[in-house]
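Chain order of the listed sequences is A and B.
Numbering-wise (the working numbering), the first sequence opens with residue 1241 and increments by one.
Numbering-wise (the working numbering), the second sequence opens with residue 232 and increments by one.
For each residue, glycine too, the CB sits at the ideal point set by N, CA and C.
Predicted model only: the values in this text are computed from it and were never measured.
One structure below.
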Amino acid sequence: MKYEVFARLNAGDQTTYIGNVTAQSDKLAQMYAHNTFDEEDWDYLAVVRENDVHEVNPDAQPTPEVAPNE
Amino acid sequence: MSDWPDQAVDYVQAIHDTKLVLGFRYGQWSLAGPTLEDDIGGSSAAQEEIGHVRQLANELEAQGRDDDWLKGQRDPDEFANAASIDQIDGEWTSYIASIAPADRAAWYLLDAIDQDDLDGLITKMGEDEYFHLEYHDARLETLADEDPETIQQTLEKTLPQALAFIGPAAYDDAEDPLLEAGFTDRSIADIRESFIEHYQNLFADTAVSLDAVDWDAPASEEWDETRRRVDSGSISETELKQIRGEENELFALN
């Protein structure tokens, strides 16, 4: 399972995407992220399953079926 | 710096030696993992263990231990490392099931030390150890699904060895000499209970059965309190030469 990895350097900073790891469990993904992305002393480090990441499509347009008052 | 009881010096020596050999094992296997992330984790752990070794060596020197002796100028049977890491037989799965109990046992012993001047050092080591132990557990869980037979067979040997490293069940709140001396704040019996409970819980819902593990090990009458084991094994002379770094001297710049 692929996990996307997000982190921030300091409290209050924006959380940024820094890479991904592949692991068989959530716990293993956390450990992999800790060891693999150890170049900084992160304030916050998180992994999210790829399937749980939902991209916002910036090119999306309303369809004719979407009425203004809906 | 206070003088420790002789038994306390031996206790810390055993933790030091286990970390020294663990660092060597982590390094030895750090290019043999099934994934790149596993190799990175092994390399990281190797560095951390050797860093811990240096810190503990400083403390042991202050208690009168010789620096060269600490660094490996001694016979293999003078090492007091956990027996489960004397030798790693088999593939990577066996390696994980051999080092994990030793690393956890060493941490439990270290964490039990109740000396004000060591609190900061132990806390820092604990920050590193948290990730070692969580990684081991995460890996053991996945390997319990992939290869339960190898995990089970290896743990049937290495868990009793780790329990021997911790110490005998007879060292309870009333009988533990280091607890009585005030050097530690948890009895060996209490540490054993936590260690056993941890592994029983970890594998409770997996295909790995721990029913054949000798949870009562070691027998008190057979236990070597200095080397913290019941067998006469040790790391090999060949590997000890590598740990000493003797071959590196050939390349030293003058």
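Please name the residue in D234/B, A239/B and S233/B whose C-alpha comes closest to that of L410/B.
A239/B
Tell whether a beta-carbon distance below 9 Å holds between W446/B and L390/B.
Yes, the Cβ-Cβ distance between W446/B and L390/B is below 9 Å.
Rank A1273/A, Y1284/A and E1279/A by C-alpha distance to the C-alpha of D1253/A and give the top, closest one.
Y1284/A
With a threshold of 6 Å on Cβ separation, who are the neighbours of Y366/B within its own chain once the five nearest residues in sequence on each side are excluded?
G272
Going by C-alpha to C-alpha distance, which of K472/B, G464/B, E358/B and T469/B sits closest to D308/B?
G464/B
For T469/B versus A311/B, is the C-beta distance shorter than 9 Å?
no
Listed in chain order, which residues of the region 1269 to 1294 of chain A have Cβ atoms closer than 8 Å to some Cβ of chain B?
Q1270, M1271, Y1272, H1274, N1275, T1276 and D1278
Taking 8 Å as the limit between beta carbons, can you name the residues of its chain near R423/B, skipping five residues before and five after?
Excluding residues within five positions, the ones whose Cβ falls inside 8 Å are L394, I397, G398 and A400.
Below 9 Å between beta carbons: does that hold for G413/B and D345/B?
yes
Could you check which residue in A405/B, D416/B, G254/B and A438/B has the C-alpha nearest to that of D317/B?
G254/B
By the criterion of Cβ-Cβ separation under 8 Å, what are the contact partners of V1245/A in chain B?
Per Cβ cutoff of 8 Å: no residues; V1245/A is ~11 Å from chain B at best.
Members of the region 358 to 370 of chain B near chain A, C-beta cut-off 8 Å
F362, E365, Y366, D368, A369 and R370
In whole angstroms, what is the alpha-carbon distance linking A276/B and P332/B?
15 Å
Could you tell me how far apart the beta carbons of L471/B and G303/B are, in whole angstroms, since I believe they sit closer than 8 Å?
6 Å
CA-to-CA distance, A336/B to S325/B, given in whole angstroms:
17 Å
Select from D436/B, W338/B and L262/B the residue whose C-alpha is nearest the C-alpha of F426/B.
W338/B
With DSSP as the reference, identify every bridge partner of G1259/A, one or two as the case may be.
According to DSSP, residue pairing for G1259/A in a beta bridge involves V1245/A.
Ranges of the alpha helix (DSSP H) found wholly within the region 415 to 448 of chain B, counting only runs of at least 4
419 to 433
Any beta-carbon of chain A closer than 9 Å to the one on T389/B?
no
Helix, strand or coil for D320/B? Go by DSSP, reduced to three states.
coil
Which first and last residues belong to the beta strand (DSSP E) in which Y1284/A is found?
Y1284 to R1289
Just the C-alpha distance for Q278/B and V461/B, rounded to the nearest angstrom, thanks.
30 Å
For the region 1246 to 1265 of chain A, list every residue whose C-beta sits within 9 Å of some C-beta in chain B, in sequence order.
V1261, T1262, A1263, Q1264 and S1265
Partner residues on chain B for K1267/A, Cβ-Cβ distance less than 8 Å:
Chain-order list of chain B residues neighbouring K1267/A: E365, D368, A369 and E372, by C-beta distance under 8 Å.
Measure from the C-beta of E424/B to each C-beta in chain A and report whether the shortest distance is under 9 Å.
no
Grab me the residues of G258/B's own chain with a C-beta within less than 6 Å of its C-beta, minus the 5 sequence neighbours each way, in chain order.
A277
In whole angstroms, what separates the C-alpha of K250/B from that of L287/B?
10 Å
To the nearest angstrom, report how far apart S329/B and V1296/A are at their CA atoms.
46 Å
For R460/B, write down the residues that DSSP places opposite it in a beta bridge.
D455/B
Do you know whose CA, among D421/B, V439/B, L371/B and Y402/B, lies nearest A450/B's CA?
Measuring from the Cα of A450/B, the nearest candidate turns out to be Y402/B.
Let me make sure I understand the geometry here. Which of L267/B, D320/B and G295/B has the alpha-carbon closest to that of I466/B?
D320/B
Pairwise C-alpha distance: H283/B and M356/B:
7 Å
How would you call Q392/B, buried or exposed, if buried means at least 16 neighbouring beta carbons within 10 angstroms?
buried
I344/B by DSSP, collapsed to three states: which one?
Reduced to three states, the DSSP call for I344/B is strand.
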